[in-house]
């Protein structure tokens, strides 16, 4: 032992000294490499005999490996058996069962994949067929099935224990057992009747209801998906009397489980396991199942404890009504003693199960990894595993024990490791590590591949990595080279190697960014190099926004038939295609038109109870996801109770029981019990009692002479259920009344009568037929006798001829055909009222202030009121006011009850009031008291009626106002307060000015300039100042006013205005003179002038007209446009004078002379250009315009 520990220590130190561990690398398939097994069948390979047998063996290598098989340790020649083929380029075997029997291929198979660099071997594959094949083929002579013989009936005595054996056929894997009846319904199981782990059905004690003829055990074989059925078992449970009567009949045809003694109650004993203790072995990682089934009467309760510690809570389950203890994923700590206990009222039984935990070999740090080494490098193959008991390790090379292989100085075996130093190309091989103990084995292949290869980056070029912001980012740089390349990362322009801070460089070349953010976005370069060369690759990192649910769906409680809306508001990266999926209870939603799914919401209409559950909103894209869940609870009114039953019948009570209906997810709060009296009011239901929702019985108190029918309604938070079906009728016997009418009352409707009224008894309280009332009354004074009458079918009786408002004693008693009710109570009533006959005396007023007066009077004696006093009424009016005309403002104030004083509020100050007081009863008002007067003192005046600001200037303004509408006294003066307000609404200092009472305006001088002023004006009387009226004044703009004063007072402005006025005057004089010099021009002369060739144009220097000649030749004007032939067209001279005006109409002076522009018609008229086509205006035009102005 000491030697082994030393060897392990030396090996560990040697590994550290070598200093170079080479992690597993994926060798590109274009490079030479030994074989590697990539797929193989499981170690325990169970095949279906109805199908072809397939045994997998796939491998890779360069060159591609060849395959061979062994069966049961000897070479298996595939070519010798025509039913066996091997797939091309594969080691997988296929057996055609149509040409061979499956059982011929049961055994242990092992595959070897080989190329020139080594050989890899598969696990030892144990091939077994499911043994249900004879059943499938109908081979009954070899069938493992149950016998087809009919099973004898079993007769047992009530109370004894019973075991019905199943004994299913063996199968691979073992079948699943269940018990059913002829209708394929599972037989009910309980703590009294349950199935054991081996499939038998155990009865702790039998009862009469266990008798049946169809106890059928079924076995389901999962591998072949077949079910087999045992013959039905008949069980007959008999009492002792039945046994004696039928023993002879059953003796020859039944299996008797009887004895003569009756079965008594007994303490528990265990049916399984037997004895006081037992043991059980379980493998680590498997499931431990222990069971204890006890018999006894009454049925025992089974419980479990661990003697040496606590049960592992998270891995422990109690099955089969606590009879089975199950622990999953067993560990070494689960070893120890477990106690099962069975108890009933007669005692207890105990059993100890000692559990031993074993373990098949298991890897500690995983199987050995392939090594890729460069010539001269060092490496280690480690095969580290454990188990219970500790496993042994066996090394092989290329399928042969390493001890039988040629020596290699570069390798050294040290227990669970092989150490390689200074390897050579010839060292390439496949090594097998086989670890085993009695409970199993582990077999692993790992190759050593010695290569010299420059680096190559295997990650695709220009790959884009998309990462959610603030999440880790992993940029891959998968590479290969021998020796293993060194990996460096650069970002963007290779400013420096990325390592540390935000970056982590993993051994496999992956660059991790722990928290990816926007600044990490960009181009990354991975560089792989060894002494044989260098290779680089570029990848890109893109940062995306996270996907989040901003508004999660919330839990909802909805009534049946209602609707619900679940919202799932999402935020996600706009560049990522994002989907929202809704699940119900983890499953996809039903294809139902009631479910309306939109991108961010789910609505459900017409909700039913099946819609209740968990609804999950899942937001998903290629990079991120989020989810949120809400519960939908569907509630409804409860179903009506059922099975109403009446018990414990008595004359005045009965017991009612019922079965509650479905609550519909809302607990029943109460039950409402109603009754119908079919004798008195058929069809009318009345509430009789209410009981809590936890009760299902009610003790009902009943009345005589009622035909009861009951029904029950259930109430929950949603509402009231429909009523239950009515109970059967329950009739009570008649009896004398139990009570008298309530609400007996006596009062008069006239001053000389007494009306006696009462509330009639209902049919429920009449207690019998012939209900009537005995009404009695008498005057309330000594020595007066009772007067009695009997009244039927009425609830009122009138006594006439009574004195006004006199007290009477009254009583009303119920009577029926079976007797009288209890002695009735006496009530006091009064005959009718009349109007009061007297007025209050000693009426006076005490003035408290200007608006409040206290009135006092002596109450009217009760005998003069002649009725129930209701109170006193005050009639008052405002008689006189100095500033208003006389007005009679009649008002009434009422004081309830027998009062002798009262407050009169809300009066006008400085006013004269008159008032009177009278008493009143239910009949009406009495006479009024003598009219009294009082005067209110002065009060504070109201606000002035108006306030107006006039004539505002820079430093002064005038305020005008009207006196208050409500003087409330003699006005003694006014108070004016004012203050400036700047442009920032800040208030300046307040000034106050006292004004005389006769003033209604005031002018404020020398005000300091401010954009605005606020004014407050209130009036005063001797009682004080009244409320103020408010007004605000806006003052003129100071800058504008200054500019206006400056311009108007400047000398240059005054001179300019004078010069303009003088110029206008001169122009007017000149034009007036020129107009008078023009002479008279008859129209005839003007027409002749049109043809005067000697026509002289107007002089430019003096703006006068030249004389026209009388020439008959009609010469054209000078300067006019004349045709080339020297003639003037006739039509040009025939136009009227209008044609020569400026515009449309000609203008004439007082003497008839024409003052328009005198010019010949332009030839432009022929060109349709109009008068505007003429050239610049002549001086004559200007003069004419001036004349028009004058």
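Numbering (the working numbering), first residue to last: 14 to 1203.
For glycine and all other residues, C-beta sits at the position ideal for the given N, C-alpha and C.
If you're wondering where the values come from, they're calculated on a predicted model, not measured in any experiment.
Review point. Do you know whose CA, among 390, 377, 507, 402, lies nearest residue 429's CA?
Key: Your numbering for residue 429 matches position 416 in the chain shown. Comparing Cα-Cα distances from residue 429 to each of 390, 377, 507, 402, the minimum goes to 377.
Check your understanding: For residue 687 and chain D, any beta-carbon pair shorter than 9 Å?
Key -> In summary, chain D is missing from the structure at hand, where a single protein chain is found.
Check your understanding: Is the distance from the Cβ of residue 867 to the Cβ of residue 910 below 9 Å?
Key -> Translated into the one-based positions of the chain shown, residue 867 becomes position 854. Translated into the one-based positions of the chain shown, residue 910 becomes position 897. For residue 867 and residue 910, no; Cβs fall outside 9 Å.
Exercise for review: May I ask which residues mark the beginning and end of the beta strand (DSSP E) holding residue 855?
Suggested key: Within the chain shown, numbered from 1, the residue matching residue 855 stands at position 842. Where residue 855 is concerned, the enclosing beta strand (DSSP E) stretches over 854 to 862.
**Study point:** Nearest neighbour of residue 42, chosen from 632, 68, 493 [CA to CA]
**Key:** As a first step, residue 42 must be located in the chain shown, where it is residue number 29. Per the Cα distances, 493.
**Study point:** Through-space distance from residue 46 to residue 2, alpha-carbon basis
**Key:** The structure shown has nothing for residue 2, since the chain only spans 14 to 1203.
Review point. Taking the alpha carbon of residue 94 as the point to measure from, which residue in 101, 109, 103 has its own alpha carbon closest?
Key: If you number the chain shown from 1, residue 94 lands on position 81. That would be 109, whose Cα lies nearest to the Cα of residue 94.
Review point. CA-CA distance, residue 1186 and residue 1065?
Key: Indexing the chain shown from 1 puts residue 1186 at position 1173. Indexing the chain shown from 1 puts residue 1065 at position 1052. Low local confidence applies: a pLDDT of 37 at residue 1186 is under 50, so the model's placement there is unreliable, and no value is given.
Check your understanding: Whose C-beta lies closer than 8 Å to the C-beta of residue 1013 among residues of the same chain, with five residues either side of it excluded?
Key -> Here the question's residue 1013 lines up with position 1000 in the chain shown. Within the same chain, residue 1013 has close Cβ partners 973, 974, 975, 976.
Practice item. Please go through the same chain and pick out, in chain order, the residues whose beta-carbon is closer than 6 Å to the beta-carbon of residue 1005, but skip the five residues on each side of it. Key: Against the chain shown, residue 1005 aligns to sequence position 992. Same-chain partners within the cutoff: 990.
Review point. For residue 807, which of 800, 770, 824 has the nearest alpha-carbon?
Key: Taking the chain shown and counting its residues from 1, the one referred to as residue 807 is at position 794. Considering only alpha carbons, the answer is 770.
Review point. So what's residue 1070 in DSSP terms, helix, strand or just coil?
Key: Here the question's residue 1070 lines up with position 1057 in the chain shown. Three-state result, residue 1070: helix.
Check your understanding: Can you tell me whether DSSP reads residue 871 as helix, strand or coil?
Key -> In the chain shown, residue 871 corresponds to position 858, counting from 1. Reduced to three states, the DSSP call for residue 871 is strand.
**Study point:** Beta-bridge pairing of residue 130 - partner residues as DSSP gives them
**Key:** Indexing the chain shown from 1 puts residue 130 at position 117. In DSSP, residue 130 forms no bridge with anything.
Review point. What are the boundary residues of the beta strand (DSSP E) that includes residue 986?
Key: Here the question's residue 986 lines up with position 973 in the chain shown. Start and end: 986 to 994.
Review point. Of all the beta strand (DSSP E) runs that stay within the bounds of the segment 566 to 606, which reach a length of 3 or more residues?
Key: 569 to 572, 577 to 580, 582 to 584, 592 to 597
Exercise for review: Would you decide whether residue 1003 is buried or exposed? Buried here means 16 or more other CB atoms lie within 10 Å of its CB.
Suggested key: As a position in the chain shown, residue 1003 is number 990, starting the count at 1. Label assigned to residue 1003: exposed.
Check your understanding: Among 775, 683, 779, which residue has its Cα nearest to the Cα of residue 717?
Key -> Position 704 of the chain shown, counted from the first residue, corresponds to residue 717. Checking every option, the nearest Cα to that of residue 717 belongs to 779.
Exercise for review: Give me the Cα-Cα distance between residue 725 and residue 708, rounded to the nearest whole angstrom.
Suggested key: Here residue 725 refers to the residue found at position 712 when the chain shown is read from its first residue. Here residue 708 refers to the residue found at position 695 when the chain shown is read from its first residue. Taking the straight line from one Cα to the other gives about 12 Å.
Point to revise | Nearest to residue 79 (by Cα), restricted to the options 310, 100, 249 | key: The residue labelled residue 79 in the question sits at position 66 within the chain shown. Nearest of 310, 100, 249 to residue 79, Cα basis: 100.
Practice item. Quick one: give me the first and last residue of the beta strand (DSSP E) that residue 535 is part of. Key: Residue numbering aside, residue 535 sits at position 522 when the chain shown is read from its first letter. 535 to 543 is the span of the beta strand (DSSP E), which, as asked, contains residue 535.
Check your understanding: With DSSP run on the structure shown, which of helix, strand or coil describes residue 676?
Key -> Sequence index remark: in the chain shown, residue 676 carries index 663 (1-based). Coil at residue 676, not helix or strand.
Review point. Residue 195 to residue 179, Cα distance in whole Å?
Key: Here residue 195 refers to the residue found at position 182 of the chain shown. Here residue 179 refers to the residue found at position 166 of the chain shown. Roughly 16 Å separates the two Cα atoms.
Review point. Can at least three beta-carbon pairs, one atom from the segment 126 to 145 and one from the segment 405 to 412, be found at a separation below 8 Å?
Key: yes
Check your understanding: Which residues in the same chain have their Cβ closer than 6 Å to the Cβ of residue 863, if we skip the five residues on either side of it in sequence?
Key -> Translated into positions along the chain shown, residue 863 becomes position 850. Only 922, 949, 950, 952 meet the Cβ criterion.
Exercise for review: Compute the Euclidean distance between the alpha carbons of residue 478 and residue 327, then round it to the nearest angstrom.
Suggested key: In the chain shown, the residue the question calls residue 478 occupies position 465. In the chain shown, the residue the question calls residue 327 occupies position 314. Looking at the two C-alpha atoms, the distance is approximately 40 Å.
Check your understanding: Contact between the segment 317 to 336 and the segment 299 to 306: three or more CB pairs below 8 Å?
Key -> yes
Exercise for review: Taking all protein chains shown into account, decide if residue 369 is buried (16 or more other Cβ within 10 angstroms of its Cβ) or exposed.
Suggested key: Residue 369 sits at position 356 when you count from the first residue of the chain shown. Answer is exposed; the Cβ neighbour count stays below 16.
Point to revise | residue 810 versus 510, 773, 737, residue with shortest Cα-Cα distance | key: Position 797 of the chain shown, counted from the start, is the residue given in the question as residue 810. Among 510, 773, 737, the Cα nearest to that of residue 810 is on 773.
Review point. Are there 16 or more other CB atoms within 10 angstroms of the CB of residue 417, so buried, or fewer, so exposed?
Key: Mapped onto the chain shown, residue 417 falls at position 404. Burial call: exposed.
Exercise for review: Could you tell me the distance, in whole angstroms, from the CA atom of residue 54 to the CA atom of residue 382?
Suggested key: What you label residue 54 is simply residue 41 of the chain shown in a count that begins at 1. What you label residue 382 is simply residue 369 of the chain shown in a count that begins at 1. Their Cα atoms are separated by approximately 21 Å.
Check your understanding: With 16 other CB atoms within 10 Å as the buried threshold, where does residue 1070 fall?
Key -> In the chain shown, residue 1070 corresponds to position 1057, counting from 1. That one is exposed.
Review point. With a CB to CB cut of under 6 Å and the five nearest residues on each side skipped, what residues in its chain are close to residue 548?
Key: In the chain shown, residue 548 corresponds to position 535, counting from 1. Within the same chain, residue 548 has close Cβ partners 468, 469, 470, 541.
Practice item. Examine the Cβ distances between the segment 663 to 674 and the segment 735 to 750 and report whether three or more of them are shorter than 8 Å. Key: yes
Review point. Once you ignore the five residues that flank residue 32 on each side, which residues in its own chain have a CB closer than 8 Å to its CB?
Key: Taking the first residue of the chain shown as position 1, residue 32 is located at position 19. In this prediction, residue 32 has a pLDDT of 36, which is less than 50 and means its spatial position is unreliable; nothing more can be read from the coordinates.
Practice item. Can you say whether residue 664 is buried or exposed, counting buried as having 16 or more other CB atoms within 10 angstroms of its CB? Key: Within the chain shown, residue 664 is the residue found at index 651, counting from 1. Counting Cβ neighbours within 10 Å, residue 664 comes out exposed, since fewer than 16 surround it.
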